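Asker: In UniProt numbering, the protein residues as written are 6 to 208.
Glycine is no exception: its CB is placed at the ideal position from the N, C-alpha and C atoms.
Note that this is a predicted model, so its numbers are computed, not measured.
Quick one: the structure is below, questions incoming.
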Amino acid sequence: PSICVLISGNGSNLQAMIDAIAAGKLEASIACVIANRADAYGLTRAKLADIPTHCLDHKAFDNRESYDQALMELIDQHQPDCIALAGFMRILTAEFVNHYAGRMFNIHPSLLPKYKGLHTHRQAIDNGDQEHGVSVHFVTPELDGGPVVIQSRVPVFADDTEEELAARVQEQERHIYPLVLQWFCKGRLVMSENAAIMDERRL
Ligand code: GRF
Numbered sequence: 006p007s008i009c010v011l012i013s014g015n016g017s018n019l020q021a022m023i024d025a026i027a028a029g030k031l032e033a034s035i036a037c038v039i040a041n042r043a044d045a046y047g048l049t050r051a052k053l054a055d056i057p058t059h060c061l062d063h064k065a066f067d068n069r070e071s072y073d074q075a076l077m078e079l080i081d082q083h084q085p086d087c088i089a090l091a092g093f094m095r096i097l098t099a100e101f102v103n104h105y106a107g108r109m110f111n112i113h114p115s116l117l118p119k120y121k122g123l124h125t126h127r128q129a130i131d132n133g134d135q136e137h138g139v140s141v142h143f144v145t146p147e148l149d150g151g152p153v154v155i156q157s158r159v160p161v162f163a164d165d166t167e168e169e170l171a172a173r174v175q176e177q178e179r180h181i182y183p184l185v186l187q188w189f190c191k192g193r194l195v196m197s198e199n200a201a202i203m204d205e206r207r208l
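So this is what it looks like as structure tokens:
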């Protein structure tokens, strides 16, 4: 099975996938990495791993629909089995999302349904939460609203800065995203209506 990874920045989750594939823990290949920003460091990570890359700059498009259409065409040239959003900082049209229904994932740094959207670490601290975390979920047209597959929890300490908390969360991210992709690539995980279902017969 092959995965297309969409990024906008550092690409630590992409790196975790590359490392998991090299370690035999993720039995898949990365068909391509696409970024919407030329300066995304993840593009360098992909090149170092000999993975095809594309930069599709949203600023070159008039509107969201035309960008998403071009993105879809680019992805489909590679015929991936699934799409992994990994720090891809764009809202996607329902048409795009529905085209990949049941085979597109996102990683979101909160214990969904808490804190959809941006600045999740800041909100957890400001609200005095004692725990925070990260979720991997199937993507549906509702932003950060698709069925959650797995979550990892971390403690929030009284004197945490946003950066310290983010680092603690990211340490978990690199474990859970490759795991979910492995489950999916092994055919053990499906999206049904509004739930993520593990097929026990294939465990
Ligand atoms: C991660 O914190 C992820 O949860 C969020 O964006 C960040 C991406 O980091 N969706 P990286 O580019 O994978 O390092």
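Is it right to say Ala91 is buried, meaning 16 or more other beta carbons lie within 10 angstroms of its own, or is it exposed?
Answerer: Buried, because 16 or more other Cβ atoms sit within 10 Å of the Cβ of Ala91.
Asker: Kindly list the residues whose CB is nearer than 8 Å to the CB of Asn132, restricted to its own chain and excluding five residues on each side of it in sequence; keep chain order.
Answerer: Cβ neighbours of Asn132 beyond the five flanking positions: none.
Asker: When the Cα of His59 is compared with those of Phe66, Leu170, Ile181, Cys37, which residue comes out closest?
Answerer: Per the Cα distances, Cys37.
Asker: Bridge partners of Glu136, per DSSP?
Answerer: According to DSSP, Glu136 bridges with Pro160.
Asker: To the nearest angstrom, report how far apart Pro146 and Leu48 are at their CA atoms.
Answerer: Rounded to whole angstroms, Pro146 to Leu48 spans 26 Å at the Cα level.
Asker: So Leu194 is in the beta strand (DSSP E); what residue range does that whole segment cover?
Answerer: Here the beta strand (DSSP E) through Leu194 covers 194-197.
Asker: Around the Cβ of Met196, are there at least 16 other Cβ atoms within 10 angstroms (buried) or fewer (exposed)?
Answerer: Result: buried.
Asker: Please indicate yes or no: does the CB of Asn68 lie closer than 7 Å to some heavy atom of the ligand GRF?
Answerer: No; taking the cut-off as 7 Å, the Cβ of Asn68 has no heavy atom of the ligand GRF nearer than that.
Asker: Less than 8 Å between the beta carbons of Val159 and Gln135, yes or no?
Answerer: For Val159 and Gln135, no; Cβs fall outside 8 Å.
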